[in-house]
Amino acid sequence: MSSNKARADSLSLLLFTLRSGKLMAINLLKVSEIIPCPPLTRLPESHPHVKGIAILRGASLSVIDLSRAIGERPLEDPDGGCLIVTDVSRSKQGLHVQAVSKIVHCLTTDIRPPPYGSGGVRAYITGVTSVDGTLVQVLDIEKVIHGIAPAQIEAAPTELSMEDAEVLGNARILVVDDSQVALQQSVHTLRNLGLQCHTARSAREAIDCLLDLQGTAQQINLIVSDIEMSEMDGYALTRTLRETPDFSHLYILLHTSLDSAMNSEKARLAGANAVLTKFSSPELTKCLITAAKAVAQQGH
1 MSSNKARADS LSLLLFTLRS GKLMAINLLK VSEIIPCPPL TRLPESHPHV KGIAILRGAS
61 LSVIDLSRAI GERPLEDPDG GCLIVTDVSR SKQGLHVQAV SKIVHCLTTD IRPPPYGSGG
121 VRAYITGVTS VDGTLVQVLD IEKVIHGIAP AQIEAAPTEL SMEDAEVLGN ARILVVDDSQ
181 VALQQSVHTL RNLGLQCHTA RSAREAIDCL LDLQGTAQQI NLIVSDIEMS EMDGYALTRT
241 LRETPDFSHL YILLHTSLDS AMNSEKARLA GANAVLTKFS SPELTKCLIT AAKAVAQQGH
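Its first residue numbered 1, the sequence shown is counted upward by one per residue in the UniProt record's numbering.
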């Protein structure tokens, strides 16, 4: 199997601009609505990148000044623009932007990883693509949110049963995620369970890791993979592995920042064993135990 083998899935992106006018994008599935910027209430001692709190249909919503959060110049009209309301990793927030441009449809293979070692605004993107000849940067919304309000990771069970601890100890895990923040959260849970793992920042890197470890004592038998990745997403990675004899038996848990219920059928059709919404350490632990037991029964 070559790491260059990619299966394309369709993807919808919402394009928007900040003061610079450069096009940025966010996965449309992470957007619940777009509204004009409402009156905001500034809370004392709030994070400097939080513009304030909006009341949306009776519920409070934190509004992030996206320009400040990613190191760009503030909007020309601080009270204008609009809000992109996102629903990511079990929480909602508003992103204050200059303007929303349009929705475009593309293939995951059209989105390339950001240049290696790029900093500044590029540190907050997971990929780049081209729309009508113009460069578009895909926002790493998890990193933006984490920089303002780091996820309060629920503690995983500190005491596992002897049976669960033993079966987890035989799991050889590869965690795949193009968001550094999400990757670190998953690794944190594994380390709290006393587990080591291999990591990859893309599906192609994951395939290379699988090939390198094949036939060794560290040969992978369980994969925890993000779904929304550039170039080759979790669905495509799953299908590719299922079609490859050496890896068709792997237990694959797809991890998503979206509501897992909306992804479960697509994950099943791709060949995944299970799907889970980020980020709950107890739920991830439970899924890992289930996965490790299934792997043990298979004898891998």
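We put the CB at the ideal spot given by N, CA and C, even for glycine.
Bounding residues of the beta strand (DSSP E) (the contiguous stretch that carries residue i)
i	result
glycine 52	50-56
threonine 126	125-131
serine 202	Here serine 202 belongs to no beta strand (DSSP E), and DSSP marks it neither H nor E.
aspartate 226	222-226
leucine 168	It is not in any beta strand (DSSP E) - leucine 168 instead sits in the alpha helix (DSSP H) that spans 162-169.
leucine 174	173-176
alanine 274	274-277
threonine 134	134-139
Identified DSSP bridge partners for residue i
i	result
glutamine 93	Thr86
proline 36	Cys82
residue 371	Lying before the first or after the last residue shown, residue 371 is absent from the chain, which here runs from 1 to 300.
isoleucine 64	Val50 and Leu95
lysine 213	It is worth fixing the name first, because residue 213 is leucine in this sequence and not lysine. None; leucine 213 has no bridge partner.
valine 31	Thr86
arginine 112	Val128
alanine 59	Leu56
Exposure label - residue i; buried when at least 16 CB within 10 Å
i	result
residue 310	What the structure shows of the chain is the stretch from 1 to 300, and residue 310 is not part of that stretch, so it cannot be assessed.
serine 20	exposed
aspartate 164	buried
proline 74	exposed
proline 114	buried
threonine 277	buried
glutamate 32	Note on identity: in this sequence residue 32 is serine, with glutamate being the wrong assignment. With fewer than 16 other Cβ atoms within 10 Å, it is exposed.
isoleucine 35	exposed
histidine 96	buried
leucine 18	buried
glutamate 231	buried
leucine 269	exposed
isoleucine 84	buried
Where the alpha helix (DSSP H) containing residue i begins and where it ends
i	result
histidine 255	Element bounds for histidine 255: not the alpha helix (DSSP H) but the beta strand (DSSP E), 251-256.
alanine 236	234-242
alanine 182	180-192
isoleucine 289	281-298
Close beta carbons around residue i, own chain, < 8 Å, minus the five adjacent residues each side
i	result
leucine 15	Leu23, Met24, Ala25, Val100, Ser101, Lys102, Ile103, Val104, Val131 and Val136
histidine 146	Val181
aspartate 79	Cys37
serine 161	none
Contacts around residue i, its chain only, beta-carbon distance under 6 Å, and the 5 residues preceding and following it disregarded
i	result
valine 88	Lys30, Ile141 and Ser257
asparagine 27	Glu228
leucine 11	Cys106 and Thr108
alanine 292	Val167, Leu168 and Ala171
For residue j and residue i, believed in contact at Cβ under 8 Å, the rounded distance
i	j	result
alanine 296	asparagine 170	6 Å
tyrosine 235	isoleucine 227	7 Å
arginine 239	glycine 194	Contact flag wrong, Cβ pair sits at about 32 Å.
glycine 81	glutamine 98	5 Å
leucine 168	isoleucine 289	6 Å
leucine 250	leucine 237	The pair is not a contact, with the Cβ atoms about 10 Å apart (cut-off 8 Å).
aspartate 110	threonine 129	5 Å
Residues of its chain near residue i, where Cβ-Cβ distance is below 7 Å and the 5 sequence neighbours each way are ignored
i	result
isoleucine 148	His47, His49, Val50, Ile64 and Ala69
methionine 229	Asp178, Ser202 and Ala203
tyrosine 124	Ile70, Leu139, Asp140, Lys143 and Val144
serine 67	Leu18, Arg19, Arg73, Pro74 and Leu75
glutamine 298	His249
valine 175	Leu183, Ser186, Val187, Cys197, Thr199 and Val224
Short CB-CB distance (under 8 Å) between residue i and chain B
i	result
lysine 143	Here there is only one protein chain, and chain B is not present.
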